[in-house]
Structure formats: structure tokens, C-alpha cells
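Enquirer: Sending over a structure as C-alpha cells; questions will come in a sec.
In our numbering, the protein residues as written are 227 to 276.
Rendered as C-alpha cells:
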């Protein structure tokens, strides 16, 4: 399995596969439809990690 890191501000591409946002807050100026994310994980961000 290959994991790639990409900015949420970059346009989604067909080669991206499943896109997951790992961030505490939703990024400004990015519509949820445009981001085409499969999942938004808030609990595992460095800010909230124990």
C-alpha cells in the first residue's frame, strides 16, 4: 500500500485513490464537495493526540 501526502487545496486527481483529511479544523475556502474526501479524521491530529 502506498500512502501519499497532498494538500487539500490541490485539485483532486483520478490517481489519488481514497482521500482522507487529517486535521482538527476544516480548511478555509475549501468546499466539502470540491475536496472529494472519503473521510475527515479529527481525533488523530497531533493537536488532540495524548
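The beta carbon of each residue, even a glycine, is placed where N, CA and C say it ideally should be.
Specify the secondary structure class of residue 259 as computed by DSSP and reduced to three states.
Expert: Residue 259: helix per DSSP, three-state reduction.
Enquirer: Residue 253 to residue 259, Cα distance in whole Å?
Expert: Straight-line Cα distance between these residues: approximately 13 Å.
Enquirer: Quick check: the Cα distance between residue 263 and residue 237, rounded to an integer number of angstroms?
Expert: Cα to Cα, the separation comes out at about 11 Å.
Enquirer: At the level of alpha carbons, what is the spacing between residue 234 and residue 261?
Expert: Those two C-alpha atoms are separated by around 7 Å.
Enquirer: Ordered along the chain, which non-local residues of its own chain (more than five positions away) have a Cβ less than 8 Å from that of residue 271?
Expert: Counting only Cβ-Cβ distances below 8 Å, and skipping sequence neighbours, we find 248, 249, 250.
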